[in-house]
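In this note's numbering, the protein residues as written are 948 to 1092.
Pasting the structure below:
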């Protein structure tokens, strides 16, 4: 039952942010699905015992691959799917808690949470970048043939 709630809320979050980012209506469902699949991979990996940072990297990689595929299939810019698809992986709650701890003068906890936010944000960037690099390498290999 929890997995269904995760599926629904991650889809709604991605599609909702797609609306905020003016994603074309014809791409809202696909951008919601991209975000949903990225989040579910993250959730399953963390549930299986993987640390959150590598799970975020793998989730971002899946978002990037699905965004590229959706952009090719539906003839839209890749950014349409990437931006709204990455939203469920953004560590907003942890960043909020870090700032709350700073305000409460709990600096030791705040620094730990801030470091985790930076690692997760870096993981998102690395996942998106790594997937794009692999995509470029594969595309060049096929162009040579």
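For glycine and all other residues, C-beta sits at the position ideal for the given N, C-alpha and C.
Original post:
Relative to the alpha-carbon of residue 1029, which residue among 1087, 948, 974 and 949 has its alpha-carbon at the smallest distance?
Top reply: Nearest Cα to residue 1029 within the set 1087, 948, 974 and 949: 974.
Subject >> Where residue 1019 sits in the DSSP three-state scheme >> reply: DSSP, read as helix, strand or coil, puts residue 1019 in helix.
Original post:
Run through DSSP, which three-state label would residue 952 get?
Top reply: DSSP places residue 952 in helix when its eight states are reduced to three.
**OP:** Count the other CB atoms, across all protein chains shown, that sit within 10 Å of the CB of residue 967; report buried if there are 16 or more and exposed otherwise.
**Re:** Exposed, because fewer than 16 other Cβ atoms sit within 10 Å of the Cβ of residue 967.
Original post:
What are the boundary residues of the alpha helix (DSSP H) that residue 1077 is part of?
Top reply: Taken as a continuous stretch (DSSP letters only), the alpha helix (DSSP H) holding residue 1077 covers 1054-1091.
**OP:** Please confirm whether residue 1061 and residue 1045 have their CB atoms less than 8 Å apart.
**Re:** Contact: yes.
Subject >> residue 960 versus 948, 983, 977 and 971, residue with shortest Cα-Cα distance >> reply: When only C-alpha atoms are compared, the closest one is 983.
Original post:
Helix or strand or just coil, what does DSSP make of residue 1040?
Top reply: If DSSP states are grouped into helix, strand and coil, residue 1040 belongs with the helices.
Original post:
Relative to the alpha-carbon of residue 985, which residue among 969, 1005 and 996 has its alpha-carbon at the smallest distance?
Top reply: The option with the nearest alpha carbon to residue 985 is 1005.
**OP:** Evaluate contact between the stretch 991-1004 and the stretch 1015-1028, counting only Cβ atoms and requiring at least three cross-stretch pairs below 8 Å.
**Re:** Too few Cβ pairs lie closer than 8 Å, so no.
Subject >> Straight-line Cα distance separating residue 1081 from residue 1009 >> reply: Whole-angstrom Cα-Cα distance: 12 Å.
Subject >> For residue 956 and residue 1003, the rounded distance between their alpha carbons >> reply: Straight across, the Cα-Cα distance linking residue 1003 with residue 956 is about 18 Å.
Subject >> Whether residue 1075 touches residue 1011 by CB criterion (8 Å) >> reply: Contact annotation: residue 1075 and residue 1011 have beta-carbon atoms nearer than 8 Å.
Original post:
Within this structure, are the beta carbons of residue 913 and residue 1036 separated by less than 8 Å?
Top reply: Missing from the structure shown is residue 913; the chain here goes from 948 to 1092 and no further.
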